[in-house]
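Enquirer: Protein sequences, first through last, are from chains A and B. The first sequence begins at 1 in full-length UniProt numbering and counts up one residue at a time. The second sequence begins at 1 in full-length UniProt numbering and counts up one residue at a time. Got a structure for you, written out below as structure tokens; questions coming shortly.
Number of protein chains: 2
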Amino acid sequence: MLLDRTVPAETGHAADFADAEFADAGCAAASQAGDAALESWLQRELPRLGLPLQRRRVRAKQHVFRAGQPRTALYLVHAGFFKTALVSEDGREKITGFRMRGDLLGLDALDMNAYACDAVALDTGELWEVPFARLRNECPQFQERITALLAQEIRRDWNWMLALGTLGADQRVVTFLFDLAARLQALGFSGECLQLRMTRAELGNFLSLTLETVARSLSRLQARGLIEVAGREIVLRDRAALSGLLAAGGRVH
Amino acid sequence: MLLDRTVPAETGHAADFADAEFADAGCAAASQAGDAALESWLQRELPRLGLPLQRRRVRAKQHVFRAGQPRTALYLVHAGFFKTALVSEDGREKITGFRMRGDLLGLDALDMNAYACDAVALDTGELWEVPFARLRNECPQFQERITALLAQEIRRDWNWMLALGTLGADQRVVTFLFDLAARLQALGFSGECLQLRMTRAELGNFLSLTLETVARSLSRLQARGLIEVAGREIVLRDRAALSGLLAAGGRVH
DNA sequence: CGTTTGGTTGACGAGTATCAAATGGGGTGG
DNA sequence: CCACCCCATTTGATACTCGTCAACCAAACG
């Protein structure tokens, strides 16, 4: 399995999008590392409470849950790559994010009894069921952790709203590549050589572009020697120049 | 409805963005009404805990707080109209939302010790300081309430990401008008006759449009007899036709 | 094999951004 | 009270990005 590795320490971050910010207050006992902290925390706490670790395995294109279904559990991504998506009643779809190891699925529906979005696996993966109700009651730190995750998601979304609203196609693509690279690097992967798990259409949907525009943008960047594209494998060749593209500034409105 | 299958009837698109949603689970004691519930709850609980109610008055264009400042408090909007905005280091600004009575300012930075966005008053208003730390410790229901508000904000943001990514200019404007109308109505205002508190530029910024495009869109809608525009006063003349505009469907990507 | 799915590229047009100018209202100071 | 200016808004002309439609290719799959 591609994603299985132990997680090293927090490393560098790309721009606005990584969560460089961490409250030192609160959660004294639990946290110190980045994303995957929740995983090891669960591994430690669940046995202590006498709760079994429920694993759920999924294959590519399989739905973890769908919007409207009764919310039975929260899922922690342990391996694999997922997307969460909103679908309006007139069929418009919007991918709200790509989720990987350490991310929680279902957080956005915490206050409801039905899921608020679809969660779909993009390749085979494993989920850990998080017994939210029990943990909330028996472990006060957990509640704060959840709160922090929610706030982080809001800031992430706001940053994307800023990017999508002010940047051109190429800049959006580059921003995405940097974001993905930073997240992968935080999980111990290369950070230079990216293996996309989503189609051009899904990428375009997330960036509010058409699949053609994404393909063209990648081709342009490759033609300029900034990246190398081979299907879903992308190599960042010239980070400086790519950053320059972003700094070139978008519309200010 | 986009997200909330718990809500009964379709009333048209206005409801998509309003917070019609309320989990019946949890918060048993506290909630029943709409937004202003938190206000009356505070009014009841603060005296009970021996905490004074700190009011803060602000004038138009005055900053409540700025991104990066130490996070001293959460603010509940009691009166007035506010915007929250993100500013990237290269100067691009993005208004992340307009906040009115019952909304909380600063929620998105709960896990940090510095604010994550700017909050600016658009007219004179009054804020209530929320002693978050005390309430969290002494009142378990409060924590859940906060969690719910965070999750709701995420869904709101996602819905706007969907709208901005898939709708044309006129549809975005109509969506905004419906959303505003629904929120005002929930506060006991007309719902037909809207008094905008923001400039065309701010509206455009929020909708990822230029101020000219917003002006033109409003003019078009007025020319078709769907709305009446007089500066910042807007009257919804033909809700059905406006809904039709939305249903006409946007790009599907 | 044929079929399906994902990706690339081209030609063209629609929808907005951009630049520019004119209008109007509200406030301030004379 | 008026003149003036500043700001917000409206409207027009033009440019340009990106969406749309289409053809083609490659790989995967039944």
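Glycine residues also receive a C-beta, built at the ideal position from the N, C-alpha and C atoms.
Are the CB atoms of B:Ala-151 and A:Leu-110 within a distance shorter than 8 Å?
Expert: Cβ distance < 8 Å, so A:Leu-110 and B:Ala-151 count as in contact.
Enquirer: On the CB-based measure, 16 or more other CB atoms within 10 Å of its CB, does B:Glu-144 come out buried or exposed?
Expert: By the neighbour-count rule (16 or more Cβ atoms within 10 Å), B:Glu-144 is buried.
Enquirer: With DSSP as the reference, label A:Phe-142 as helix, strand or coil.
Expert: Residue state, collapsed to three classes: helix.
Enquirer: Which residues, taken in chain order from the stretch 96-125 of chain A, show a beta carbon closer than 8 Å to some beta carbon of chain B?
Expert: Answer set for the stretch 96-125 of chain A: Thr-96, Leu-107, Asp-108, Ala-109, Leu-110, Asp-111, Met-112, Asn-113, Ala-114, Ala-116, Cys-117.
Enquirer: Spatial neighbours of A:Ala-215 within its chain, please: CB distance less than 6 Å, with the 5 preceding and 5 following residues excluded, ordered by chain position.
Expert: Excluding positions up to five away in sequence, the list reads Arg-200.
Enquirer: Can you tell which of A:Gly-97, A:Leu-209, A:Ile-234 has its C-alpha closest to the C-alpha of A:Leu-221?
Expert: A:Leu-221 has its Cα closest to that of A:Ile-234, out of A:Gly-97, A:Leu-209, A:Ile-234.
Enquirer: Might you give, ordered along the chain, the residues of its own chain that have their beta carbon closer than 8 Å to the beta carbon of A:Arg-134, omitting 5 neighbours on each side?
Expert: Cβ neighbours of A:Arg-134 beyond the five flanking positions: Leu-49, Leu-51.
Enquirer: Can you find a CB in chain B that lies within less than 8 Å of the CB of A:Thr-72?
Expert: No - not a single Cβ of chain B is within 8 Å of the one on A:Thr-72.
Enquirer: State yes or no: is the beta carbon of A:Gln-141 nearer than 8 Å to at least one beta carbon in chain B?
Expert: No, A:Gln-141 does not count as interfacial toward chain B.
Enquirer: In whole angstroms, give me the CA-to-CA distance for A:Gly-191 and A:His-253.
Expert: Taking the straight line joining both Cα atoms gives about 33 Å.
Enquirer: I need the straight-line Cα distance from A:Ala-130 to A:Asp-179, nearest angstrom please.
Expert: According to the sequence shown, residue 130 of chain A is Val rather than Ala. Each residue's alpha carbon lies about 26 Å from the other.
Enquirer: What did DSSP end up calling B:Arg-216 once you bin it into helix, strand or coil?
Expert: Note: B:Arg-216 maps to helix in three-state DSSP.
Enquirer: Where DSSP assigns a beta bridge to B:Leu-86, which residues make up the other side?
Expert: According to DSSP, which records beta bridges pairwise, B:Leu-86 is partnered with B:Lys-94.
Enquirer: Tell me whether A:Arg-217 is buried or exposed, calling it buried when 16 or more other Cβ atoms sit within 10 Å of its Cβ.
Expert: Reading the sequence as shown, one finds Ser at residue 217 of chain A and not Arg. Buried is the call here.
Enquirer: Taking only beta-carbon atoms, is B:Trp-41 less than 8 Å away from chain A?
Expert: Taking Cβ atoms only, chain A never reaches closer than 8 Å to B:Trp-41, which makes this a no.
Enquirer: Could you tell me which residues DSSP puts in a beta bridge with residue 262 of chain B?
Expert: Within the shown structure, residues of chain B are numbered from 1 to 253, placing residue 262 of chain B beyond reach of any answer.
Enquirer: Among A:Ser-219, A:Glu-138, A:Ala-186, A:Leu-184, whose alpha-carbon lies nearest the alpha-carbon of A:Val-173?
Expert: The shortest Cα separation from A:Val-173 among A:Ser-219, A:Glu-138, A:Ala-186, A:Leu-184 belongs to A:Ser-219.
Enquirer: Taking buried to mean at least 16 other C-beta atoms within 10 Å of its own C-beta, is B:Leu-86 buried or exposed?
Expert: By the neighbour-count rule (16 or more Cβ atoms within 10 Å), B:Leu-86 is buried.
Enquirer: What whole-angstrom Cβ distance do B:Phe-82 and B:Ala-121 have, given they're in contact under 8 Å?
Expert: Yes, they are in contact, since the Cβ atoms of B:Phe-82 and B:Ala-121 sit about 5 Å apart, within 8 Å.
Enquirer: What are the boundary residues of the alpha helix (DSSP H) that A:Leu-81 is part of?
Expert: Going by the sequence as given, residue 81 of chain A is Phe instead of Leu. Here A:Phe-81 belongs to no alpha helix (DSSP H), and DSSP marks it neither H nor E.
Enquirer: Is B:Lys-94 buried or exposed, if buried means 16 or more other CB atoms sit within 10 Å of its CB?
Expert: Buried is the call here.
Enquirer: Is A:Leu-88 buried or exposed, if buried means 16 or more other CB atoms sit within 10 Å of its CB?
Expert: Per the sequence shown, the amino acid found at residue 88 of chain A is Ser instead of Leu. The residue in question, A:Ser-88, is buried, as its Cβ has 16 or more Cβ neighbours within 10 Å.
Enquirer: Does the separation of the CB atoms of A:Gly-102 and A:Glu-153 fall below 8 Å?
Expert: The answer is no: Cβ separation not under 8 Å.
Enquirer: Return helix, strand or coil for B:Pro-131, following the three-state DSSP convention.
Expert: In the structure shown, B:Pro-131 sits in coil (DSSP, three-state: anything other than H, G, I, E or B).
Enquirer: Threshold first: 3 residues or longer. Then list the beta strand (DSSP E) segments lying entirely within the stretch 144-188 of chain A, N to C.
Expert: DSSP runs (the beta strand (DSSP E)) wholly in the stretch 144-188 of chain A: none.
Enquirer: Of all Cβ atoms in chain B, is any one closer than 8 Å to the Cβ of A:Lys-61?
Expert: No, A:Lys-61 lies away from the interface with chain B (no Cβ there is under 8 Å from its Cβ).
Enquirer: On the DSSP bridge list, what partners appear for residue 280 of chain B?
Expert: In the structure as shown, chain B starts at 1 and stops at 253, and residue 280 of chain B therefore has no counterpart that could be examined.
Enquirer: Tell me the DSSP secondary structure of A:Leu-104 in three-state form.
Expert: Looking at A:Leu-104 - three-state DSSP - the assignment turns out to be strand.
Enquirer: Can you name the residues that DSSP bridges to B:Gly-225?
Expert: Answer by DSSP bridge pairing: none, since B:Gly-225 is not bridged.
Enquirer: Between A:Thr-124 and A:Gly-80, which are expected to be in contact by the criterion C-beta below 8 Å, what is the C-beta distance as a whole number of angstroms?
Expert: Confirmed, about 6 Å.
Enquirer: Verify the CB distance criterion: does A:Lys-94 have a CB-CB separation below 8 Å to chain B?
Expert: It does; some Cβ of chain B falls within 8 Å.
Enquirer: Say whether chain B places a C-beta atom closer than 8 Å to the C-beta of A:Leu-86.
Expert: It does: the Cβ of A:Leu-86 has a partner Cβ on chain B nearer than 8 Å.
Enquirer: Write down the C-beta distance between A:Gln-171 and A:Leu-245 rounded to the nearest angstrom, noting that I regard them as a contact closer than 8 Å.
Expert: 6 Å between Cβ atoms; contact.
Enquirer: Closest to B:Leu-209 by C-alpha separation, out of A:Gly-165, A:Met-161, A:Ala-248, A:Ala-73, would be which residue?
Expert: The candidate whose alpha carbon is nearest that of B:Leu-209 is A:Gly-165.
Enquirer: Measure the alpha-carbon distance for A:Gly-97 versus B:Pro-47 and round it to whole angstroms.
Expert: The straight-line gap from Cα to Cα measures roughly 42 Å.
Enquirer: With a threshold of 8 Å between beta carbons, is A:Gln-152 in contact with chain B?
Expert: True, the Cβ-Cβ gap to chain B drops below 8 Å.
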